[in-house]
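> Residue numbers (our numbering): -14 to 300. Note that CB positions come from ideal geometry on N, CA and C, so glycine has one too.
1. Three or more beta-carbon pairs under 8 Å between the stretch 243 to 253 and the stretch 73 to 85, yes or no?
2. The alpha helix (DSSP H) that contains residue 124, what's its start and end?
3. My output table needs one value for residue 259: the three-state DSSP class, helix, strand or coil.
4. I need the straight-line Cα distance from residue 91 to residue 33, nearest angstrom please.
5. Taking the beta carbon of residue 210 as the centre, do at least 16 other beta carbons fall within 10 Å, making it buried, or is it exposed?
6. What are the start and end residues of the alpha helix (DSSP H) that includes residue 188?
7. Quick check on residue 10: buried or exposed, where buried means 16 or more other Cβ atoms within 10 Å of its Cβ?
8. Do the stretch 180 to 194 and the stretch 23 to 39 make contact, defined as three or more Cβ pairs closer than 8 Å?
9. Where does residue 139 land, buried or exposed, given buried means 16+ other C-beta within 10 angstroms?
10. Cα separation between residue 231 and residue 242?
11. Below 8 Å on the Cβ atoms is my contact criterion, and I expect residue 56 with residue 255 to pass it. Report the Cβ-Cβ distance as a whole number of Å.
12. Using DSSP bridges, identify the partner residues of residue 310.
13. What are the boundary residues of the alpha helix (DSSP H) that includes residue 274?
14. Restricting to runs no shorter than 4 residues, where is the alpha helix (DSSP H) found entirely within the stretch -13 to 48?
15. Would you list the one or two residues that DSSP bridges to residue 89?
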């Protein structure tokens, strides 16, 4: 439990610092958007490249990849179908909502918990790979194709098909992940003169994303009536904090026969809150930003008792 408390304490302190920076306007009025773009275009691609280059592929391509990735993708699809039929949301809002309900905070909270609670950081690597190389590209391509310039209007079908091909080739996050995987698969070891600056930039991803999240809370009333899409947020939170851990338990326990510490680890990973990356994506494409912000905050708060209950039952 001390590892859980430690991990969440780090999160809250840095988010709080971002909130204070926003309240005092030390960084100016555009700080949130600038930091979000820095994370999207520079820091996260560097983080992913370095993480994959320095990882063993045998650890990444394991049954954890199927359990964590399968439960996340399934919950995301459940959100998309439910929100489409019940709430009648547009495709960009569905894409952000699907991520908000299932995209795990695998770095800034997942790694501390994996190290201090699970005593094995390798449990996080497969999920990180799935989210970077499969889940994010699907959502980002969807957003690239469906979000158009309001001045130009909706893209034509031909333009949409063209964008579907070009999007993964130009998205910096996808490029960083793919490049890291290729280098790792080829067994290449970049020189320290290259890896060290990449590592430095990557290390800035987590604190910058948390600061951007804190900045976004300035002057905002979470779950505010008339402003926040309450039904969307409630749906995403229930799926993320309750349904996803239960699904991961079912897949790990009855699909792969896992018990003991391995089963505990799979369920804890699934119970991690929504990643700040979702807010970064929402800000980048200017869609469902309030929904992403509120879901990230509420699932971060809700994951504390959720993981505590899981620890009591399975640890």
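In this structure, then:
1. no
2. Under the DSSP assignment, residue 124 falls in the alpha helix (DSSP H) whose first and last residues are 121 to 131.
3. Strand, per DSSP.
4. Taking the straight line from one Cα to the other gives about 12 Å.
5. exposed
6. 177 to 188
7. Exposed is the call here.
8. yes
9. With a pLDDT of only 48 at residue 139, under 50, the local geometry of the prediction cannot be trusted, and the value read off the model is given with reservation. It is exposed - the Cβ of residue 139 has fewer than 16 other Cβ atoms within 10 Å.
10. When rounded, the distance between both Cα atoms is 15 Å.
11. 6 Å
12. Absent from the model: residue 310. The displayed extent of the chain is -14 to 300, so no value can be given.
13. Here the alpha helix (DSSP H) through residue 274 covers 274 to 299.
14. With a minimum length of 4 residues, the continuous alpha helix (DSSP H) runs that stay inside the stretch -13 to 48 are -13 to 9, 16 to 23, 29 to 38, 42 to 45.
15. 259
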